[in-house]
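Written out below as structure tokens is the structure these notes cover.
2 protein chains.
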Amino acid sequence: MKLTMNRLEILIIDDEIQIRKLLRITLESNDYKVIQAENAREGLALAANHPPELILLDIGLPDKSGHDVLKELRTWYNKPIIILSVQNSEVDIIKALDNGASDYLTKPFRTGELLARIRSSIKRNKQSNHETPLIFDDLEIDLQARSVKKNGKFIKLTMTEFKLLSLFVKHEGRVLTHQYILKEIWGIGHQTENQYLRVFVAQLRKKLENNPNNPNHFITESGIGYRFC
Amino acid sequence: MKLTMNRLEILIIDDEIQIRKLLRITLESNDYKVIQAENAREGLALAANHPPELILLDIGLPDKSGHDVLKELRTWYNKPIIILSVQNSEVDIIKALDNGASDYLTKPFRTGELLARIRSSIKRNKQSNHETPLIFDDLEIDLQARSVKKNGKFIKLTMTEFKLLSLFVKHEGRVLTHQYILKEIWGIGHQTENQYLRVFVAQLRKKLENNPNNPNHFITESGIGYRFC
DNA sequence: TTTCGTTTTAAAATAATCATTGAATACTAA
DNA sequence: TTAGTATTCAATGATTATTTTAAAACGAAA
């Protein structure tokens with residue numbers, strides 16, 4: 001029971017029940033804690049509510065392409081995501097890796113290899129992530145835990161607000177153009193809707209600035225975009 | 230425009246000359262710089278003398294097992310090492326990954342996939358990627374981040390001010406004629422409106438010079454144009 | 001010194017962009 | 001379904017940037 005506390009949590013997003021079962025048995029017998037989702041919506045919600053140490057993501061989900069799920073996760077989640085797929089096409093593999101997948105395994109996979117790749121991914125992620133939480137004066141931001149504190153008090157952010165904040169934090173000190181931000185948060189095709197951005201920046205300021213009228217962290221660069229410091 | 234200086238270096242350790250050739254052509258045509266070794270001893274020496282951004286390591290080397298090379302490298306080298314091998318046995322894969330390989334590909338591999346895995350590994354490894362800003366005495370200018378500091382403090386520049394500063398910085402030390410600057414910033418057809426230029430140079434001086442009346446960086450070349458030092 | 005072309009400085013008018021608000025719509029969880 | 005929340009959208013005034021105008025200062029040459 002004591003051991004349960006230390007178990008690393010892995011989220012499985014896959015619609016095939018047999019695969020989920022196999023994975024769960026394999027992982028649990030190797031001391032991981034397993035949570036599961038059988039479609040994209042459920043998977044994204046689970047990941048957001050309780051971010052796991054690693055995600056195993058199937059590409060062929062019923063409600064949404066795994067590629068899209070991957071992209072969406074990567075707007076804020078930076079722990080390993082390993083893709084599992086029956087697809088062995090090069091295009092798919094390249095797409096997934098370029099979208100931020102940590103690894104790509106084709107089904108059927110060998111469980112020993114999967115476990116080794118899981119270990120490897122987690123280890124490498126540990127090495128490169130010794131920087132949480134981030135602190136900016138009165139703000140304390142933990143992207144992995146998806147939590148934000150202002151003067152020690154938790155602040156509730158909506159999905160979009162958090163994505164936006166993540167983007168800012170990841171590019172601290174740099175000016176991000178409206179175009180870029182809109183593309184990253186709202187996707188291609190919304191690059192002219194500066195108004196959305198203004199509304200959400202206003203909301204972040206209201207929640208996170210001590211004096212929203214005279215912002216300290218969310219600096220507007222008129223005619224260009226915004227910068228976070 | 231890709232500069233040779235920026236090319237990432239990849240070390241290939243493989244005894245098969247055909248593979249080396251194929252890899253070299255593939256990698257070089259994708260803007261990597263390639264160095265090669267045909268056995269373990271040579272590979273270790275090369276890696277030590279001139280640490281590359283990534284290592285492609287064959288498991289079946291003539292003088293030493295690739296597994297041992299991997300272990301040895303990992304005692305000090307913490308950039309990505311991707312294993313290439315004709316061996317597709319699970320034991321080998323697990324061993325390599327547990328010894329710190331970033332990835333494992335079996336020969337024959339698909340070049341597109343290899344390139345994607347290289348990109349992915351390098352991206353994940355990059356955590357401390359500080360791009361150095363340009364420094365001119367008390368000014369610190371980062372064109373990429375679009376940020377300017379004077380004596381360590383952020384200075385806000387408008388669009389036009391920044392464009393003008395960029396132009397100056399890109400041609401540091403050279404005299405730029407009014408005509409040229411006007412064409413670059415305001416476009417063709419505004420080449421007679423010297424007044425715009427005067428106003429904006431004045432603004433840059435006010436914001437960036439310690440003593441705007443006696444400018445240090447923005448030098449006027451009367452009758453010709455301006456020069457930035 | 002005076003003159004002339006140029007540059008600096010200041011301040012206005014104009015144009016563009018931004019913040020704020022609230023209502024309409026979409027979404028989510030009970 | 002309904003209540004509650006999140007997002008989109010449009011209208012408004014406020015702010016900021018750019019252009020334009022004008023006057024003062026400068027420096028070289030007569």
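If you read the sequences in order, they're chains W and X. Take 1 as the starting number for the first sequence in the numbering used here and just add one per residue. Take 230 as the starting number for the second sequence in the numbering used here and just add one per residue. Quick reminder that beta carbons are idealized off the backbone N, C-alpha and C, glycines included.
- Within the segment 79-99 of chain W, E90, I93, I94, L97 and D98 place their CB atoms closer than 7 Å to a CB of chain X, listed in sequence order.
- In this chain, T255(X) is not harboured by any beta strand (DSSP E); it is covered by the alpha helix (DSSP H) spanning I246 to E257.
- Cβ-Cβ distances below 8 Å link K95(W) to H67 in the same chain, with the five nearest sequence neighbours on each side left out; the list follows chain order.
- Collapsing the DSSP output to three states places A330(X) in coil.
- Counting only residues of its own chain and dropping the five nearest sequence neighbours on each side, S166(W) has a CB closer than 7 Å to the CB of T75, W76 and L143.
- DSSP lists K378(X) as the beta-bridge partner residues of F383(X).
- The Cβ of S166(W) sits no closer than 8 Å to any Cβ of chain X.
- With respect to the 8 Å criterion, K107(W) and S85(W) are classified as neighbours on the basis of their beta carbons.
- L437(X) places its beta carbon 8 Å or farther from that of I364(X).
- Proximity to I81(W) across V91(W), L176(W), P52(W) and G60(W) peaks at P52(W), based on C-alpha coordinates.
- Here the C-alpha atom of Q203(W) lies approximately 9 Å from the C-alpha atom of P212(W).
- Residues of the same chain with a CB within less than 7 Å of the CB of P362(X), apart from the 5 flanking positions on each side, are E369, I370 and D371 in chain order.
- Within the segment 109-133 of chain W, contact with chain X at the beta-carbon level (separation under 7 Å) is assigned to R110, G112, E113, A116, R117, R119, S120, R124 and S128.
- Contact annotation: E172(W) and L182(W) have beta-carbon atoms that are not nearer than 8 Å.
- Taking C-beta separations shorter than 7 Å and ignoring five residues to either side along the sequence, the partners of N317(X) in its chain run T335, following chain order.
- Between the segment 184-193 of chain W and the segment 233-250 of chain X there are fewer than three inter-stretch CB-CB distances shorter than 8 Å, so the stretches are not counted as touching.
- Contact annotation: D15(W) and N39(W) have beta-carbon atoms nearer than 8 Å.
- Contact check for V430(X) against Y455(X) passes: the beta carbons are separated by less than 8 Å.
- Among the CB atoms of chain W, none fall inside 8 Å of the CB of T255(X).
- Cβ neighbours of S121(W) within its own chain (closer than 8 Å, five residues either side excluded): L54, P80, I82, S102 and D103.
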